[in-house]
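For the sequence shown, the UniProt record's numbering gives the first residue as 1, with consecutive numbering after it. All C-beta atoms in this analysis are idealised placements derived from N, C-alpha and C, irrespective of residue type, glycine included. Just so you know, these numbers come straight off a predicted model, no measurement behind them.
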Amino acid sequence: MNFHHLAYWQDKALSLAIENRLFINGEYTAAAENETFETVDPVTQAPLAKIARGKSVDIDRAVSAARGVFERGDWSLSSPAKRKAVLNKLADLMEAHAEELALLETLDTGKPIRHSLRDDIPGAARAIRWYAEAIDKVYGEVATTSSHELAMIVREPVGVIAAIVPWNFPLLLTCWKLGPALAAGNSVILKPSEKSPLSAIRLAGLAKEAGLPDGVLNVVTGFGHEAGQALSRHNDIDAIAFTGSTRTGKQLLKDAGDSNMKRVWLEAGGKSANLVFADCPDLQKAASATAAGIFYNQGQVCIAGTRLLLEESIADEFLALLKQQAQNWQPGHPLDPATTMGTLIDCAHADSVHSFIREGGKQRATAAGWS
């Protein structure tokens with residue numbers, strides 16, 4: 001894989017055309033109230049893009065488009081062969097546009113271009129392709145209940161799905177939700193995080209190019225208390241797939257119950273510790289894996305192993321190895337392929353991280369760093 005060099009990516013960023021509008025019923029469109037919000041470059045905190053600020057009226061437009069195409073059956077009643085071909089074409093287009101998508105992802109989030117190009121974009125395309133290949137391999141069930149009767153389980157699409165995605169792996173987590181939803185024949189309204197909307201907006205255009213019928217995939221950018229809340233409380237949305245905080249997940253469950261009791265699938269992450277015992281056969285390998293679990297994606301991972309429980313007899317040795325491994329994670333400009341640790345998503349998140357470091361100091365923890 002060619003990661004190029006810093007100047008290559010900087011030049012490419014300068015010439016990059018950034019789409020900033022909503023995508024509803026197969027077209028890019030301004031928000032109904034014509035409002036925008038500003039995203040910032042995580043590196044410099046300078047303005048990056050002005051993004052359409054979708055609100056409840058835009059959610060209504062998207063739901064109407066999604067419901068209309070679902071009821072017509074353009075996608076929901078299409079053959080498995082057609083859906084498989086379209087999704088495989090989408091995966092092909094994602095791979096063909098890998099550099100563009102990786103650049104959008106890195107500009108939006110500050111993650112290293114090396115990781116965007118090596119992990120995020122290929123992983124997102126693989127997810128779409130995996131579900132495309134599953135379309136004609138997932139069957140219903142038939143049971144004989146008597147000599148002249150059969151009981152059948154038929155798999156059908158749920159309907160209109162809301163997909164709400166966080167900022168740490170925008171395109172990858174989007175495709176983890178879109179893949180199964182689209183493969184089954186559902187229509188989707190996607191709301192990316194307001195901090196990282198660019199790759200989702202671009203993906204919508206690629207989906208149309210791949211042959212996805214208008215209205216099947218809609219992207220509404222905006223804030224959680226506006227666009228997100230409108231989704232969770234909407235009476236014509238059949239299910240929500242969400243990745244994010246536990247607090248927001250609880251609110252989605254409440255909103256679903258207060259509206260039409262739509263299904264809710266939550267992934268709220270966790271913080272389970274890594275455990276290392278004295279009988280570990282390879283402490284060096286364990287330290288390397290632990291460092292990756294802590295520092296990959298700047299530690300902004302819902303399963304980041306940033307807590308350790310060590311057997312006392314190997315604690316000092318293991319921590320020394322871990323400190324050595326930490327030095328392999330070099331901070332730098334996200335567009336430099338040599339960088340293995342980019343920037344945090346924004347200043348507010350950086351302040352939160354610093355607050356935990358200060359709290360550790362108050363609890364007499366030892367800080368280990370490198371220059």
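- The region 95–130 is shown to contain whole alpha helix (DSSP H) runs of 4 or more residues at 98–109, in chain order.
- The straight-line gap separating the alpha-carbon atoms of Thr36 and Ser56 is approximately 14 angstroms.
- Cβ contact annotation for Arg233 (same chain, cutoff 6 angstroms, sequence separation greater than five): Asp255, Ser259, in chain order.
- Remark: three or more beta-carbon pairs, one from each stretch, lie closer than 8 angstroms, so the region 53–71 and the region 206–215 are flagged as touching.
- The C-beta distance from Pro170 to Ala200 rounds to 6 angstroms, short enough to meet the 8 angstroms contact threshold.
- Residue environment analysis places Gly244 among the buried positions, since at least 16 neighbouring C-beta atoms fall within 10 angstroms of its C-beta.
- When C-alpha distances from Asp282 are compared across Ala268, Asp58, Phe318, Val264, the shortest belongs to Phe318.
- In this structure, Ala350 sits away from Cys302, with a CB-CB distance that is not shorter than 9 angstroms.
- In this structure, the CA atom of Leu22 is about 11 angstroms from the CA atom of Leu198.
- As the crow flies, the alpha-carbon of Met261 is around 32 angstroms from that of Gln300.
- Below 8 angstroms, too few C-beta pairs join the region 303–318 and the region 11–31 to call them touching: fewer than three.
- DSSP places Phe23 within a strand segment (E or B) once states are collapsed to three.
- For Thr246, the enclosing alpha helix (DSSP H) begins and ends at 246–258.
- Distance from Val264 to Phe242 at the Cβ level is roughly 7 angstroms; contact confirmed, criterion being Cβ atoms closer than 8 angstroms.
- DSSP places Ala52 in the strand class (E or B) of the three-state scheme.
- Between the region 73–91 and the region 177–186, the count of Cβ pairs shorter than 8 angstroms is three or higher; the stretches touch.
- Distances from the CA of Ala85 to each of Thr174, Ala134, Ala7, Pro192 were compared; the closest alpha carbon is that of Ala134.
- Across the structure, Gly140 and Asp74 are spaced so that their CA atoms are roughly 22 angstroms apart.
- When the beta-carbon positions are compared, Glu33 and Arg61 stay at least 9 angstroms from each other.
- Residue range 160–164 is occupied by the beta strand (DSSP E) that includes Ile161.
- Taking the CA atoms as reference points, Ala287 sits about 14 angstroms from Asp279.
- Where Arg233 is concerned, there is no enclosing alpha helix (DSSP H), because DSSP gives it neither an H nor an E.
- Your pair Ile121 and Leu107 does not check out as a contact, with CB atoms roughly 14 angstroms apart and the cut at 8 angstroms.
- Listed in chain order, the non-local C-beta contacts of Asn25 below 6 angstroms within the same chain comprise Ala65, Asp214, Gly215, local neighbours out to five positions each way being set aside.
- Under the 10 Å beta carbon count, Met341 is surrounded by 16 or more other beta carbons and is classified as buried.
- Residue state for Lys191 is assigned as strand, using DSSP reduced to three classes.
- Sequence-distant partners of Glu194 (beyond 5 residues in either direction) whose C-beta falls short of 6 angstroms from its own C-beta, in its chain, are Phe223.
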